[in-house]
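Asker: Respectively, the protein sequence lines represent chains R and A.
full-length UniProt numbering puts the first residue of the first sequence at 1, with every later residue one more than the last.
full-length UniProt numbering puts the first residue of the second sequence at 1, with every later residue one more than the last.
By construction, the Cβ of each residue, glycine as well, lies at the ideal position given by its N, Cα and C atoms.
Number of protein chains: 2
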Amino acid sequence: MQPESRTFIEEARRAQIIACAIEVIAEHGYANATMARIAKQAKISSGVISYHFGGKDPLIQAVVAEVAKLATDLMLPRILAQPSATEALRAYIEGNLEFMRLHRKPLLALVEIVTHAQGGESGPGPYAEQAEVAITDLEKILHWGRQAGEFRDFHQRTMAIAIRGAIDAVPGRLFHDPDFDLDLLTRELVATFTIATRRQP
Amino acid sequence: MQPESRTFIEEARRAQIIACAIEVIAEHGYANATMARIAKQAKISSGVISYHFGGKDPLIQAVVAEVAKLATDLMLPRILAQPSATEALRAYIEGNLEFMRLHRKPLLALVEIVTHAQGGESGPGPYAEQAEVAITDLEKILHWGRQAGEFRDFHQRTMAIAIRGAIDAVPGRLFHDPDFDLDLLTRELVATFTIATRRQP
DNA sequence: CGACTTTCTGGCTGCACATCCAAAACTTTA
DNA sequence: TAAAGTTTTGGATGTGCAGCCAGAAAGTCG
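#1: Look at R199/R and G149/R and say whether their C-beta atoms are less than 8 Å apart.
#2: Determine the DSSP secondary structure at F151/A, reduced to helix, strand or coil.
#3: By Cβ distance below 7 Å, which residues in the same chain neighbour L110/R in space, the five residues on each side in sequence not counted?
#4: In whole angstroms, give me the CA-to-CA distance for I113/A and P201/A.
#5: Per DSSP, what kind of secondary structure is R198/A in: helix, strand or coil?
#6: Please classify T136/R as buried or exposed, where buried requires at least 16 neighbouring CB atoms within 10 angstroms.
#7: Can you give the beta carbon distance from V24/R to I38/R, rounded, assuming they're within the 8 Å contact cut?
#8: Which two residues bound the contiguous alpha helix (DSSP H) that contains I79/R?
#9: In or out: L102/A buried (at least 16 other Cβ within 10 Å) or exposed?
#10: Straight-line CA distance for I79/R to V133/R?
#11: Taking the alpha carbon of L74/R as the point to measure from, which residue in Q61/R, E129/R, L108/R, M100/R has its own alpha carbon closest?
#12: Give the range of the alpha helix (DSSP H) segment to which T86/A is assigned.
#13: Does any residue of chain R bring its CB to less than 8 Å from the CB of L189/A?
#14: Just curious, the alpha helix (DSSP H) that I38/R is in, first and last residue?
#15: Does DSSP classify Y127/A as helix, strand or coil?
#16: With the cut-off set at 8 Å, would you say G145/R and T186/R are in Cβ contact?
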């Protein structure tokens with residue numbers, strides 16, 4: 001069913017259920033996020049979720065789409081506005097960490113889903129592609145900097161993996177230590193990778 | 001029951017079951033690693049596992065202990081043998097990636113367990129401490145380099161998080177892309193963090 | 001107001017799983 | 001070899017879950 005053809009009630013319910021799913025997953029972890037629990041959070045019967053989404057998997061997918069949209073909307077414009085690759089890299093790192101500050105719970109929910117969800121058997125997992133895209137996008141910035149002569153001669157893919165790895169490690173820290181100094185962390189990460197990528201004297 | 005007081009059969013069974021658990025978890029993922037499946041892999045009845053380990057949780061703990069021991073035995077001597085912090089950091093990164101090469105399956109199993117296991121509710125999770133220790137150990141190397149004047153003036157904890165994040169991102173890549181060039185990755189990661197940490201001219 | 005559609009409820013069903021257990025098979029001891 | 005101990009089997013039990021459905025409630029339109 002397309003968004004345009006949805007009732008007002010339909011839209012409201014979907015939004016409410018997605019919000020409650022995010023809340024429950026972020027607070028109690030993916031494994032404890034049962035249909036019943038999400039329904040209880042929304043103060044509705046669990047059948048309603050099946051009615052509007054068709055099952056648990058589609059609901060989870062909707063949550064992922066929602067959070068991914070939030071993140072893209074926040075970060076993409078910032079990155080594209082930069083005049084140089086060095087500044088784009090800075091904006092990339094800052095944007096990621098800013099998102100963690102502004103949307104803690106949605107981010108935690110996303111991380112829970114991406115790390116815990118799996119589509120039967122050892123296969124790539126349903127969100128491997130998402131991770132791959134994140135790496136490739138970052139590689140584009142690095143490529144830009146290499147072309148422009150701003151960066152030193154490193155292996156793009158490895159550098160992309162290192163940077164994303166460092167960023168992806170933050171939610172876990174944030175989760176277990178809420179008093180984490182994100183500003184400090186942001187400054188230090190930007191400094192570290194600016195030094196690590198720049199053309200050496 | 002202490003290791004010394006265990007029968008020959010007891011020891012053999014425990015080792016066999018742990019090996020099979022590693023195999024199953026690494027090949028099929030934590031979620032698909034049921035008692036029945038591990039038992040089938042070992043060609044025994046599932047009751048035997050309960051008999052020797054007392055349940056699933058203790059088995060998983062035993063697996064973690066086993067792999068952690070493997071890793072420590074490989075890496076610690078290498079790191080302690082280095083004459084400078086810079087070389088210790090190199091040995092740390094190389095040791096970690098060498099471990100991934102030599103013990104792919106045990107490592108995958110460990111990662112699966114650490115990311116998927118959880119002890120009810122949102123609490124710290126049973127292996128949060130393990131991760132914390134890994135960070136703290138790395139901080140010791142960084143502290144050494146700072147004291148010795150080899151490294152620049154960065155925030156130790158953030159740098160430790162970045163380095164571990166980069167290393168921890170590798171298993172995921174390795175898992176979905178077995179033809180990954182680990183040698184290249186190792187060289188590049190060492191180069192990147194050597195540059196990122198060294199005293200700037 | 002009625003017919004009709006959309007939305008919701010609460011409980012039922014079936015499945016996958018860890019755990020438990022009684023008895024069988026095996027091993028050690030005397 | 002018999003008795004006592006250990007190990008293994010295979011199935012029974014109970015739990016927690018997603019999905020399903022019959023009917024109730026709420027909303028819409030002539």
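Answerer: Quick look at the numbers:
#1: If you number the first sequence from 1, residue 199/R lands on position 199. If you number the first sequence from 1, residue 149/R lands on position 149. Result yes, Cβ atoms of R199/R and G149/R sit closer than 8 Å.
#2: For the purposes of this step, residue 151/A is identified with residue 151 of the second sequence, where counting begins at 1. F151/A: strand per DSSP, three-state reduction.
#3: Mapped onto the first sequence, residue 110/R falls at position 110. Cβ neighbours of L110/R beyond the five flanking positions: V64, V67.
#4: To locate residue 113/A, count along the second sequence from 1; it is residue 113. To locate residue 201/A, count along the second sequence from 1; it is residue 201. If I take the Cα positions, the gap works out to 43 Å.
#5: Translated into positions along the second sequence, residue 198/A becomes position 198. Strand at R198/A.
#6: For the purposes of this step, residue 136/R is identified with residue 136 of the first sequence, where counting begins at 1. Exposed, because fewer than 16 other Cβ atoms sit within 10 Å of the Cβ of T136/R.
#7: Taking the first sequence and counting its residues from 1, the one referred to as residue 24/R is at position 24. Taking the first sequence and counting its residues from 1, the one referred to as residue 38/R is at position 38. About 5 Å; that satisfies the 8 Å criterion.
#8: Here residue 79/R corresponds to residue number 79 of the first sequence, with the count starting at 1. Element bounds for I79/R: 56-80.
#9: Along the second sequence, one-based indexing puts residue 102/A at 102. L102/A comes out exposed.
#10: Indexing the first sequence from 1 puts residue 79/R at position 79. Indexing the first sequence from 1 puts residue 133/R at position 133. Computed Cα separation, rounded: 16 Å.
#11: Counting from one through the first sequence, the residue named residue 74/R turns up at place 74. In terms of Cα proximity to L74/R, the closest of Q61/R, E129/R, L108/R, M100/R is M100/R.
#12: Locating residue 86/A in the second sequence gives position 86, where the first residue counts as 1. Note, T86/A: alpha helix (DSSP H), 85-102.
#13: For the purposes of this step, residue 189/A is identified with residue 189 of the second sequence, where counting begins at 1. So, interface residue.
#14: Within the first sequence, numbered from 1, the residue matching residue 38/R stands at position 38. Where I38/R is concerned, the enclosing alpha helix (DSSP H) stretches over 35-42.
#15: Numbered from its first residue, the second sequence carries residue 127/A at position 127. Coil at Y127/A, not helix or strand.
#16: Residue numbering aside, residue 145/R sits at position 145 when the first sequence is read from its first letter. Residue numbering aside, residue 186/R sits at position 186 when the first sequence is read from its first letter. No, these two residues do not count as a Cβ contact at 8 Å.
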